[in-house]
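In UniProt numbering, the protein residues as written are 1 to 495.
Each remark here refers to the structure printed beneath this line.
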């Protein structure tokens with residue numbers, strides 16, 4: 001959507017040929033080959049129809065050849081001649097002319113392909129420059145042996161070209177009058193970038209034209225109101241860099257009297273909800289958004305009514321009622337399943353302590369293997385498994401008896417689930433240690449080789465449980481106690 005909008009902007013800029021550099025046009029045409037193969041033929045024809053410059057016909061012919069080859073890489077030379085022969089070019093031109101994009105020579109001390117034309121920042125640091133150049137050579141060599149590195153290299157190269165084109169277009173747009181923005185689709189491109197979370201686009205637009213932050217869409221929603229509605233945290237985090245302007249941006253509202261807190265109260269788009277797995281984590285993410293926005297608005301806006309006579313809190317409850325119910329069902333189902341496992345482990349470990357391997361001495365009642373080191377491992381692992389399973393059982397019981405308020409999904413329920421799963425995992429691991437030590441104690445005197453296969457088999461269920469549940473546990477932990485989804489810088493931008 002953003003690229004299509006920029007076609008309109010590009011057309012208007014070409015009409016103002018005297019104010020647009022030819023380098024900008026060529027860069028835009030080159031980048032369009034990477035962004036949209038189908039639409040890359042449109043820009044040169046637009047330029048030719050407006051300027052009647054045959055240079056663009058040559059460019060579009062190269063573009064057509066590139067499209068033919070990329071879409072049909074198995075085409076024979078005869079087929080390519082039939083497709084492109086009308087313009088006087090053959091497949092030989094395709095083989096000779098098309099090259100894989102390579103980074104331009106760079107003399108900077110960063111070795112960054114995104115800034116190929118920038119000079120060194122410190123000529124005295126010869127050692128660092130030499131090491132950086134050596135690192136660049138190493139990475140270039142690895143591209144031919146590791147496909148993933150080559151893919152990332154090409155993505156970064158395309159990103160650098162896109163950023164260069166964006167900077168050139170923003171410079172030209174900043175010279176236009178504000179009344180022309182709507183005509184050429186600048187506002188539409190900005191809000192499309194907000195919707196898709198293209199933060200580089202917004203940053204460059206603000207740097208070249210700071211007043212763009214006051215732009216509004218057809219519903220009178222500003223950039224940050226729309227970013228909140230679309231749950232684009234990177235763009236929303238720019239509000240912390242605005243200094244004193246932050247208060248004005250946080251106190252605006254749309255056509256229906258929905259302020260920025262009302263926007264956070266609406267249910268997030270499905271594409272954003274699907275970024276996290278499970279209804280409880282989705283509910284937690286929605287609460288994190290609401291609490292973050294609530295922290296920057298003035299108290300009177302928390303009680304502000306929209307055109308439907310609803311506060312943000314009431315709107316949040318109505319919009320998230322179904323998600324709350326789904327989260328409750330998911331938590332209860334998970335807790336019930338884990339409760340059964342924890343109860344079984346606790347029962348087994350409790351009975352195992354009274355039926356120690358080797359039995360008891362019939363006169364003193366002391367375990368026969370008491371003086372062995374393996375017996376001490378058995379006792380300790382059995383006790384730890386019993387305590388861990390009991391703790392896990394209590395945590396899951398707390399989840400089952402929770403009131404399931406909205407605020408519970410923010411910290412309380414995730415914390416109980418983290419502790420419950422961690423204790424359950426630990427109890428399973430120590431239970432398998434107890435089982436393995438018991439077999440070793442009973443069979444070691446007769447079968448000396450039995451230790452290794454027992455340890456190997458005992459580690460199998462622990463590994464399976466870790467592979468299945470550990471990713472979920474890590475996701476819940478970082479979602480609850482991680483650095484957060486918002487970027488709060490220490491320094492403000494000076495606009």
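Glycine included, each C-beta is placed from N, C-alpha and C at the ideal position.
Owing to the predicted nature of the structure, the values given are computational and were not obtained by experimental measurement.
{"Check": "For residue 299, three-class secondary structure by DSSP", "Outcome": "helix"}
{"Check": "Whole-angstrom distance between residue 382 and residue 352, CA atom to CA atom", "Outcome": "8 Å"}
{"Check": "Neighbourhood of residue 455 by C-beta, 7 Å cutoff - its chain only, sequence neighbours within 5 removed", "Outcome": "436"}
{"Check": "Cβ pair count under 8 Å reaching 3, the stretch 299 to 315 against the stretch 252 to 262", "Outcome": "yes"}
{"Check": "Exposed unless 16 or more other CB atoms sit within 10 angstroms - verdict on residue 164", "Outcome": "buried"}
{"Check": "Proximity of residue 233 and residue 485 at Cβ, strictly below 7 Å", "Outcome": "yes"}
{"Check": "Cβ-Cβ separation, residue 422 to residue 386 (assumed contact under 8 Å), whole Å", "Outcome": "So it is not a contact: roughly 16 Å between Cβ atoms."}
{"Check": "DSSP three-state assignment for residue 483, whether helix, strand or coil", "Outcome": "coil"}
{"Check": "Helix, strand or coil at residue 218 [DSSP, three-state]", "Outcome": "coil"}
{"Check": "DSSP-derived helix/strand/coil call for residue 247", "Outcome": "helix"}
{"Check": "Beta-carbon spacing of residue 290, residue 264 below 7 Å", "Outcome": "yes"}
{"Check": "For residue 196, the first and last residue of its enclosing alpha helix (DSSP H)", "Outcome": "186 to 196"}
{"Check": "DSSP three-state assignment for residue 461, whether helix, strand or coil", "Outcome": "helix"}
{"Check": "Touching by the beta-carbon criterion (3+ pairs, under 8 Å), the stretch 238 to 248 and the stretch 281 to 288", "Outcome": "no"}
{"Check": "Euclidean distance between Cα positions of residue 418 and residue 130", "Outcome": "48 Å"}
{"Check": "Extent of the continuous alpha helix (DSSP H) run through residue 282", "Outcome": "279 to 294"}
{"Check": "Outcome for residue 554 when other beta-carbon atoms lying within 10 angstroms are tallied against a minimum of 16", "Outcome": "Because residue 554 is not part of the residues shown, which for the chain are 1 to 495, the question remains open."}
{"Check": "Sheet register partners of residue 259 (DSSP bridge)", "Outcome": "253"}
{"Check": "Cβ distance (whole Å) where residue 213 is taken to contact residue 198 below 8 Å", "Outcome": "Going by Cβ atoms, the distance from residue 213 to residue 198 rounds to 16 Å, so no, they are not a contact pair."}
{"Check": "Enclosing alpha helix (DSSP H) for residue 382 [first to last residue]", "Outcome": "373 to 400"}
{"Check": "Completely contained alpha helix (DSSP H) runs for the stretch 298 to 361, where each covers 4 or more residues", "Outcome": "299 to 302, 312 to 319 and 321 to 352"}
{"Check": "Residue 364 versus residue 453: straight-line alpha-carbon distance, rounded", "Outcome": "35 Å"}
{"Check": "The alpha helix (DSSP H) enclosing residue 174, as first and last residue numbers", "Outcome": "That residue, residue 174, is in no alpha helix (DSSP H); it is neither H nor E in DSSP."}
{"Check": "Assigned secondary structure, residue 404 (DSSP; H/G/I helix, E/B strand, else coil)", "Outcome": "coil"}
{"Check": "Contact check, residue 331 vs residue 399, beta carbons under 7 Å", "Outcome": "yes"}
{"Check": "Neighbourhood of residue 395 by C-beta, 8 Å cutoff - its chain only, sequence neighbours within 5 removed", "Outcome": "416, 417, 419, 420 and 423"}
{"Check": "Contacts around residue 204, its chain only, beta-carbon distance under 7 Å, and the 5 residues preceding and following it disregarded", "Outcome": "166, 167 and 170"}
{"Check": "Chain-order list of residues whose beta-carbon lies under 8 Å from that of residue 239 (same chain, five-residue window excluded)", "Outcome": "224, 246, 249, 250 and 296"}
{"Check": "Under 7 Å between C-beta atoms of residue 327 and residue 279", "Outcome": "yes"}
{"Check": "Beta-carbon proximity of residue 356 to residue 367, cut-off 7 Å", "Outcome": "yes"}
{"Check": "Contact belief for residue 209 with residue 173 at Cβ below 8 Å, rounded distance in angstroms", "Outcome": "7 Å"}
{"Check": "Boundaries (first-last residue) of the alpha helix (DSSP H) holding residue 433", "Outcome": "412 to 443"}
{"Check": "Three-way DSSP call (helix, strand, coil) for residue 138 in this model", "Outcome": "helix"}
{"Check": "Beta-carbon proximity of residue 195 to residue 230, cut-off 7 Å", "Outcome": "yes"}
{"Check": "Backbone CA spacing between residue 496 and residue 180 [nearest angstrom]", "Outcome": "The structure shown does not extend to residue 496, since the chain spans only 1 to 495, so no value can be given for it."}
{"Check": "Distance between beta carbons of residue 235 and residue 202, contact taken as under 8 Å", "Outcome": "6 Å"}
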